[in-house]
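Report on the structure given below.
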Amino acid sequence: MTLGTEQNPLRVAIVGAGPSGFYASEALIRSDLNVEIDLIERLPAPYGLVRSGVAPDHPKLKQAIKVYDKIASENAELNYIGNVTVGKDITVDELRESHHAVIFTCGAETDRRLGIPGEDLLGSYTATEFVAWYNGHPDYRDRKFDLSHETAVIIGQGNVAADVSRILSKTVDELKETDISQHALDTLAESKIKNVYVIGRRGPAQAKFTSKELKEFGELSDSDPIVDPAELALNQASEAELAEKSNAGSKKIYDLFVGYSERDPTSKSRKCYFQFLRSPVELQGNDRLEKVVIERNQLSGDAFKQSARGTGDMYELETGILFRSIGYRGVEMPGVPFHESWGVFPNADGRITENDIVVPQMYTAGWIKRGPSGIIGTNRACAVGTVNALIEDVSKLDTAESKSGREKIYSLLDSRNVQYINYQQWKTIDQVEIERGEAKGKPREKITSIDEMLSLIS
Ligand code: NAP
Numbered sequence: 105m106t107l108g109t110e111q112n113p114l115r116v117a118i119v120g121a122g123p124s125g126f127y128a129s130e131a132l133i134r135s136d137l138n139v140e141i142d143l144i145e146r147l148p149a150p151y152g153l154v155r156s157g158v159a160p161d162h163p164k165l166k167q168a169i170k171v172y173d174k175i176a177s178e179n180a181e182l183n184y185i186g187n188v189t190v191g192k193d194i195t196v197d198e199l200r201e202s203h204h205a206v207i208f209t210c211g212a213e214t215d216r217r218l219g220i221p222g223e224d225l226l227g228s229y230t231a232t233e234f235v236a237w238y239n240g241h242p243d244y245r246d247r248k249f250d251l252s253h254e255t256a257v258i259i260g261q262g263n264v265a266a267d268v269s270r271i272l273s274k275t276v277d278e279l280k281e282t283d284i285s286q287h288a289l290d291t292l293a294e295s296k297i298k299n300v301y302v303i304g305r306r307g308p309a310q311a312k313f314t315s316k317e318l319k320e321f322g323e324l325s326d327s328d329p330i331v332d333p334a335e336l337a338l339n340q341a342s343e344a345e346l347a348e349k350s351n352a353g354s355k356k357i358y359d360l361f362v363g364y365s366e367r368d369p370t371s372k373s374r375k376c377y378f379q380f381l382r383s384p385v386e387l388q389g390n391d392r393l394e395k396v397v398i399e400r401n402q403l404s405g406d407a408f409k410q411s412a413r414g415t416g417d418m419y420e421l422e423t424g425i426l427f428r429s430i431g432y433r434g435v436e437m438p439g440v441p442f443h444e445s446w447g448v449f450p451n452a453d454g455r456i457t458e459n460d461i462v463v464p465q466m467y468t469a470g471w472i473k474r475g476p477s478g479i480i481g482t483n484r485a486c487a488v489g490t491v492n493a494l495i496e497d498v499s500k501l502d503t504a505e506s507k508s509g510r511e512k513i514y515s516l517l518d519s520r521n522v523q524y525i526n527y528q529q530w531k532t533i534d535q536v537e538i539e540r541g542e543a544k545g546k547p548r549e550k551i552t553s554i555d556e557m558l559s560l561i562s
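Per the working numbering, the sequence shown starts with residue 105, numbered consecutively.
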């Protein structure tokens, strides 16, 4: 029987209710096919990194949630199943039995590693855990970050490094009306950090910030951006990179650094130092981080292909807290092929592959498909591409009517006593968060305990 009709709807399970999960749902709903989508999320709360990754002081970026809410609220084809871990509460094989296709949009949940001695010393953290902590992610709410030191070091010069450095550089007054979690605000209120070093392994022409994010450092109420003019000297290849029209973004970044290097000192109590051509080679300390050994680098290679090489020139920087912000990385899921060195699900245009052969029924979109890069909107085109591939394949999918979709999922979850939640129940939790936030002049106070969320709807 033809698939995608009223009699035999295309039943798709989507794993991960972040931006890519919603964009894939939207693309399926907009297709000419009759679809039934089960959007499965590990946490009770949907929206992935828009909720637990986007910085609390960037509320505009969170507007994307309105779009996702509309998709979930206005389309009966979309069924949200929250608080279900695929691979634990239900297996990938079970989803393949119950649905015609499965799309994995589970993002990149962990960080790349530096691979240097001392990386796991107490006081050395990943940016992801700090970001998830201040954003009230239930898995990270109990983390402790000791901000009693004067110096913090951030390794990496992408937008996540910008978020972490900015949160450490802002005053409580600058954060208290955001949706930052109360536990984070309380810890930041006691922070003794005065110097934040943001360290890039390559030069100022290769920093990966976007200009809007870097510009904010010049506008903070009690922190100054510091750039040593001597560090802005460019080699020939970097000059060629900045002269390239298509690289205007990097030129803007470089110009901002130049502006910062020309500023007169102010009496602001915090300083955020942007430093280049340096790599940490070892983290040292007895029981906990005390200093980082840094090697100066030089660039080698042609324009746009320059890499950093150590010069052997080392120095030490005393610090009690360091954040590695060198990129996210996907994690394995039982039953899904995994590309170990890239940290993604191997795929061809969104069709999951194993040893270069397409695995029937299995698709992927977002960071777990293409790696951790791009802004939220990048995931829309990515998800549309995957859904187009799925639609092309429809005639090849198993058309068995016995694929009962959510009916099968619910019976499996019930038999295992898994407490799942639907979108209406999420909206109840959402409303409580908003009300708790209103009382404090914040857009919301996130509930950080899964048990508490579930108790609100039981
Ligand atoms: P990113 O933009 O890829 O930046 C990673 C940084 O880590 C780069 O500076 C990179 O340097 C450095 N790095 C990588 N490996 C390293 C190593 N072994 N040693 C030292 N440094 C190393 O990643 P991200 O900051 O995690 O951001 C991920 C994506 O989310 C990006 O597309 C970003 O723009 C986006 N995002 C956007 C926003 C926003 O729009 N406000 C906020 C947060 C994140 P090299 O260049 O030398 O590799």
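Glycine is no exception: its CB is placed at the ideal position from the N, C-alpha and C atoms.
Shorter than 7 Å, the distance from the beta carbon of Gln529 to the closest heavy atom of the ligand NAP, or not?
Outside the cutoff, so no.
Take Thr189 and list the residues in its own chain whose beta-carbon comes closer than 7 Å to its own, dropping the five residues that flank it on each side.
Excluding residues within five positions, the ones whose Cβ falls inside 7 Å are Arg146.
To the nearest whole angstrom, what separates the beta carbons of Ala131 and Val498, a pair I think is in contact under 8 Å?
About 14 Å separates the two Cβ atoms, so there is no contact after all.
Lys500 and Cys486 closer than 8 Å at C-beta:
For Lys500 and Cys486, no; Cβs fall outside 8 Å.
Which value, in whole angstroms, describes the spacing of the CA atoms of Leu336 and Arg306?
Computed Cα separation, rounded: 11 Å.
Same chain, Cβ closer than 6 Å to Asp193, five either side skipped, listed in chain order
The answer, listed in chain order, is Val522.
Which word fits Arg115, buried or exposed, when buried means at least 16 other C-beta atoms lie within 10 angstroms of its C-beta?
Counting Cβ neighbours within 10 Å, Arg115 comes out buried, since at least 16 surround it.
Nearest-angstrom beta carbon gap, Asp161 and Ile513 [assumed within contact, 8 Å]
By a beta-carbon distance limit of 8 Å, Ile513 does not contact Asp161. Their separation comes to about 38 Å.
Less than 8 Å between the beta carbons of Ser429 and Gly262, yes or no?
Yes, the Cβ-Cβ distance between Ser429 and Gly262 is below 8 Å.
Counting beta carbon pairs with one atom in the stretch 110 to 125 and one in the stretch 207 to 219, are three or more of them shorter than 8 Å?
At 8 Å Cβ cutoff, the stretches touch.
Our contact map puts Ala266 next to Glu317 with C-beta atoms below 8 Å; I'd like the distance itself, whole angstroms only.
So it is a contact: roughly 4 Å between Cβ atoms.
Please go through the same chain and pick out, in chain order, the residues whose beta-carbon is closer than 7 Å to the beta-carbon of Arg216, but skip the five residues on each side of it.
If we look at Arg216 and ignore the five residues flanking it on each side, its Cβ neighbours are Ile430, Gly431, Arg433.
Determine the DSSP secondary structure at Pro329, reduced to helix, strand or coil.
In the structure shown, Pro329 sits in a strand (DSSP, three-state: E or B).
Start and end residues, alpha helix (DSSP H) containing Asn492
From DSSP, the alpha helix (DSSP H) with Asn492 extends over 482 to 497.
Cβ-heavy atom distance between Tyr432 and the ligand NAP below 7 Å?
Yes - the ligand NAP has a heavy atom lying nearer than 7 Å to the Cβ of Tyr432.
Jot down the residue ranges of each uninterrupted beta strand (DSSP E) in the stretch 170 to 240, minimum 3 residues, whole runs only, in chain order.
Whole beta strand (DSSP E) segments, 3+ residues: 182 to 186, 205 to 208, 228 to 230.
Proximity test, Ala485 beta-carbon vs the ligand NAP heavy atom, cut-off 7 Å
No, since every heavy atom of the ligand NAP falls outside the 7 Å radius drawn around the Cβ of Ala485.
When you compare the CB positions of Leu516 and Glu178, do they come within less than 8 Å of one another, or not?
Contact: no.
Taking the C-alpha atoms as reference points, what is the distance between Arg245 and Ser285?
If you draw a straight line from the Cα of Arg245 to the Cα of Ser285, it is about 9 Å long.
Going by the DSSP bridge assignment, what does Gly414 pair with across the sheet?
Looking at the DSSP assignment, Gly414 forms a beta bridge with Asn401.
Rounded to whole angstroms, how far is the Cβ of Ile561 from the Cβ of Ala149, which I believe are closer than 8 Å?
So it is not a contact: roughly 12 Å between Cβ atoms.
How would you write the range of the beta strand (DSSP E) that Ser383 sits in, first residue to last?
Here the beta strand (DSSP E) through Ser383 covers 382 to 388.
With hydrogens ignored, establish whether the beta-carbon of Leu421 is closer than 7 Å to any heavy atom of the ligand NAP.
Look at Leu421: its beta carbon is at least 7 Å from all of the heavy atoms in the ligand NAP.
Taking only three categories from DSSP, how would you classify Glu641?
It is not possible to answer for residue 641, since the shown part of the chain is limited to 105 through 562.
CA-to-CA distance, Ile297 to Leu272, given in whole angstroms
Straight through space, the alpha carbons of Ile297 and Leu272 are spaced by roughly 7 Å.
Contact test: Gly509 Cβ vs the ligand NAP heavy atom, cutoff 7 Å
Proximity of the beta carbon of Gly509 to the ligand NAP is not indicated: no heavy atom of the ligand is located closer than 7 Å.
Can you name, in chain order, every residue of its own chain whose Cβ lies under 6 Å from the Cβ of Glu422, other than the five neighbours on each side?
Lys395.
Quick one: using the 10 Å Cβ neighbour count with 16 as the cut-off for buried, is Thr214 buried or exposed?
It counts as exposed.
Neighbour-count burial assignment, Trp530, 16 or more Cβ in a 10 Å radius
Buried is the label assigned to Trp530, since at least 16 other Cβ atoms lie within 10 Å of its Cβ.
Extent of the continuous beta strand (DSSP E) run through Asp114:
The displayed chain sequence assigns Leu, not Asp, to residue 114. Element bounds for Leu114: 114 to 119.
Leaving out five residues on either side along the sequence, give the residues of the same chain with a beta carbon under 8 Å from the beta carbon of Ser354.
Annotation for Ser354: Ala309, Gln310, Ala311, Glu345, Leu346 place their beta carbon closer than 8 Å to its own, counting only its chain and skipping 5 residues before and after.
Opening and closing residue of the alpha helix (DSSP H) in which Asp359 lies
352 to 365 is the span of the alpha helix (DSSP H), which, as asked, contains Asp359.
Quick one: does the C-beta of Asp267 sit closer than 7 Å to a heavy atom of the ligand NAP?
Yes, Cβ of Asp267 sits closer than 7 Å to a heavy atom of the ligand NAP.
Which residue or residues does DSSP assign as beta-bridge partners of His287?
In DSSP, His287 forms no bridge with anything.
Since Leu403 and Asn339 should fall inside the 8 Å C-beta cutoff, what is the C-beta to C-beta distance between them, to a whole number of angstroms?
For Leu403 against Asn339, the beta-carbon gap comes to about 6 Å, under 8 Å, which counts as contact.
Could you tell me whether the Cβ atoms of Leu426 and Ser228 are closer together than 8 Å?
Cβ atoms of Leu426 and Ser228: closer than 8 Å.
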